[in-house]
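Using the numbering used here, the letters of the sequence shown correspond one by one to residues 63 to 156.
The beta-carbon is built from N, C-alpha and C at its ideal position, and this holds for glycine as well.
For reference, the structure discussed in these notes is given below.
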Amino acid sequence: MDFLPQILLLSSILLFAYFWFKPRTKPKPSPQKQEEIRQMYKQRLQTELATINDPDERQSKKIALLKAFAKELEFNLFFDKNDVQALMKELAKY
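Encoded structure:
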C-alpha cells in the first residue's frame, strides 16, 4: 500500500508528458480544404463518366451525380449555398 501514491504520481506524470509531447496536427485552412473537396468531386465525376459513351446515358448519369453531389455539399461546413451553386455550375460544364 505504500507504493500506491508513488504509482499514482508516476502514472499522472507519464500521462501529462504524453499529452504534452505528442505531435500536434494543424488543421488545414478553409480555402485549401475547399479546393481539395472541389478536386475530389471533379475526379469522381470524371471517373464515373469516363466509361459511358452514349450521350443520353452520359447526360442522365451526370445529372444524377450532380444531384447527389449537391445533396452531399448541402451539409458540408466548408461550403455555403453560393459556393455549392458555383461548384455545380463548374461541374456541369465538364
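For the options 103, 83, 67 and 87, the alpha carbon positioned closest to that of residue 151 is the one of 103. Counting every other CB atom within 10 Å of its CB across the protein chains shown gives residue 70 a total below 16, marking it as exposed. When the alpha-carbon of residue 155 is set against those of 140, 142, 138 and 128, the nearest one is in 128.
The criterion of a C-beta distance shorter than 9 angstroms is satisfied by residue 132 and residue 146. Counting along the chain, residue 118 sits inside the alpha helix (DSSP H) bounded by residues 117-136. Cβ-Cβ distances below 6 angstroms link residue 141 to 135 in the same chain, with the five nearest sequence neighbours on each side left out; the list follows chain order.
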